[in-house]
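Colleague: The numbering used here numbers the first residue of the sequence shown as 61 and each following residue consecutively.
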Amino acid sequence: MTTPSTPATREAERRAARKGGALRELVVIVAVALVLSVLVRTFVAQAFYVPSASMENTLQIQDRIIASKLSTEFGGVHRGEIVVFTDPGGWLEGVPPDTGVKGWLKKAFIFVGLLPSDTGEDLVKRVIGVGGDHVVCCDAKHRIQVNGVSLDETYIKPGAGTAQVKFDITVPEGRIFVLGDNRADSADSRYHLDVASGTVPVGNVVGRVVAVLWPTSHWSGEPVPSIFENPALDAPPGSRPSSDASGSASR
Numbered sequence: 061m062t063t064p065s066t067p068a069t070r071e072a073e074r075r076a077a078r079k080g081g082a083l084r085e086l087v088v089i090v091a092v093a094l095v096l097s098v099l100v101r102t103f104v105a106q107a108f109y110v111p112s113a114s115m116e117n118t119l120q121i122q123d124r125i126i127a128s129k130l131s132t133e134f135g136g137v138h139r140g141e142i143v144v145f146t147d148p149g150g151w152l153e154g155v156p157p158d159t160g161v162k163g164w165l166k167k168a169f170i171f172v173g174l175l176p177s178d179t180g181e182d183l184v185k186r187v188i189g190v191g192g193d194h195v196v197c198c199d200a201k202h203r204i205q206v207n208g209v210s211l212d213e214t215y216i217k218p219g220a221g222t223a224q225v226k227f228d229i230t231v232p233e234g235r236i237f238v239l240g241d242n243r244a245d246s247a248d249s250r251y252h253l254d255v256a257s258g259t260v261p262v263g264n265v266v267g268r269v270v271a272v273l274w275p276t277s278h279w280s281g282e283p284v285p286s287i288f289e290n291p292a293l294d295a296p297p298g299s300r301p302s303s304d305a306s307g308s309a310s311r
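Shown next as structure tokens:
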């Protein structure tokens with residue numbers, strides 16, 4: 061025999077149904093948000109954490125930066141851009157990996173885009189030379205030369221010149237030569253010249269840094285310095301004059 065339904069019983073059933081529906085809706089919303097976050101992180105942009113002083117004063121320790129994957133995927137990699145790239149091998153030796161439950165959770169949050177990446181597998185540097193470029197350190201004024209053009213690098217940290225390590229290399233096709241803006245504290249291409257002249261495969265580039273997101277006091281976009289717009293940088297090898305980045309001939 062079925063117990064008659066009372067108004068109070070029916071109201072309780074309706075409340076339970078609404079509660080269950082709201083819970084299912086919340087689960088769906090969270091699932092969709094996580095999927096979208098993973099898709100954005102994988103194909104559009106990814107947040108990273110700056111752990112060192114190698115890019116000062118442009119990027120500061122603990123800055124949160126955003127790297128666009130679309131700009132490098134469809135536009136390629138260009139001189140002057142700040143890029144995040146995966147360690148090509150041996151650049152990050154000695155960096156302790158995250159372990160245990162804390163490390164696993166951290167990697168999971170990074171994967172879904174809830175935390176900026178600082179897994180110890182990526183680096184951030186500025187592109188100085190691309191495939192085919194002749195990069196030399198340095199001219200008489202201690203400036204780097206790219207294809208015979210001396211670069212007036214106003215963005216590097218004051219007092220942190222490039223003259224600590226001499227080099228004269230031609231960048232292989234499909235690779236890039238990278239330096240930190242804090243030349244006195246950056247283990248960049250200069251310190252790996254014994255392997256592929258210190259260059260990094262373009263395929264290792266994760267994305268181009270387009271902005272500092274946090275802290276708000278450092279918020280900024282990251283445009284390419286105007287010195288890299290000099291047409292002489294792209295002149296055919298046989299017609300490249302020795303010049304500074306403003307286009308005037310060096311004496």
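Ideal Cβ placement from N, Cα and C applies to all residues, glycine included. Just so it is clear, the structure is predicted and the values come from calculations on it, not from any experiment.
Of the choices Gly258, Tyr251 and Val225, whose alpha-carbon is the least far from that of Val190?
Modeller: The residue labelled residue 190 in the question sits at position 130 within the sequence shown. The candidate whose alpha carbon is nearest that of Val190 is Gly258.
Colleague: Here's the rule: buried if 16 or more other CB atoms are within 10 angstroms of the residue's CB, otherwise exposed. What is Gln106?
Modeller: Here residue 106 refers to the residue found at position 46 of the sequence shown. By the 10 Å Cβ count, Gln106 comes out buried.
Colleague: In angstroms with no decimal places, state the Cα-to-Cα distance between Phe134 and Val238.
Modeller: On the sequence shown, residue 134 is found 74 positions in, with the first residue counted as 1. On the sequence shown, residue 238 is found 178 positions in, with the first residue counted as 1. C-alpha separation (whole angstroms): 20 Å.
Colleague: Pull up the distance between the alpha-carbon of Glu233 and that of Phe288, whole angstroms please.
Modeller: Here residue 233 refers to the residue found at position 173 of the sequence shown. Here residue 288 refers to the residue found at position 228 of the sequence shown. Roughly 19 Å separates the two Cα atoms.
Colleague: For the beta strand (DSSP E) that His194 lies in, which residues bound it at each end?
Modeller: Translated into positions along the sequence shown, residue 194 becomes position 134. Per DSSP, His194 belongs to the beta strand (DSSP E) from His194 to Cys197.
Colleague: Quick check: the Cα distance between Pro291 and Asn207, rounded to an integer number of angstroms?
Modeller: Translated into positions along the sequence shown, residue 291 becomes position 231. Translated into positions along the sequence shown, residue 207 becomes position 147. Each residue's Cα considered, the two are about 11 Å apart.
Colleague: State the Cα-Cα distance for the pair Ile204 and Val266, rounded to the nearest angstrom.
Modeller: Translated into positions along the sequence shown, residue 204 becomes position 144. Translated into positions along the sequence shown, residue 266 becomes position 206. For Ile204 and Val266, the distance between alpha carbons rounds to 26 Å.
Colleague: Put Thr146 into one of helix, strand or coil per three-state DSSP.
Modeller: The count along the sequence shown starts at 1 and reaches residue 146 at position 86. Three-state DSSP puts Thr146 in a strand.
Colleague: Can you check DSSP and say which residues form a bridge with Arg186?
Modeller: The count along the sequence shown starts at 1 and reaches residue 186 at position 126. In the DSSP output, where bridge partners are listed per residue, Arg186 has Ile142 and Leu239.
Colleague: Do Val209 and Arg250 have their C-beta atoms closer together than 7 Å?
Modeller: For the purposes of this step, residue 209 is taken as the residue at position 149 of the sequence shown. For the purposes of this step, residue 250 is taken as the residue at position 190 of the sequence shown. No, they are not a contact pair.
Colleague: Using a threshold of 7 Å, state whether the C-beta atoms of Val231 and Gly140 are closer than that.
Modeller: The residue labelled residue 231 in the question sits at position 171 within the sequence shown. The residue labelled residue 140 in the question sits at position 80 within the sequence shown. Not closer than 7 Å, so no.
Colleague: Does the beta-carbon distance from Ala127 to Val269 come in below 7 Å?
Modeller: As a first step, residue 127 must be located in the sequence shown, where it is residue number 67. As a first step, residue 269 must be located in the sequence shown, where it is residue number 209. Cβ atoms of Ala127 and Val269: closer than 7 Å.
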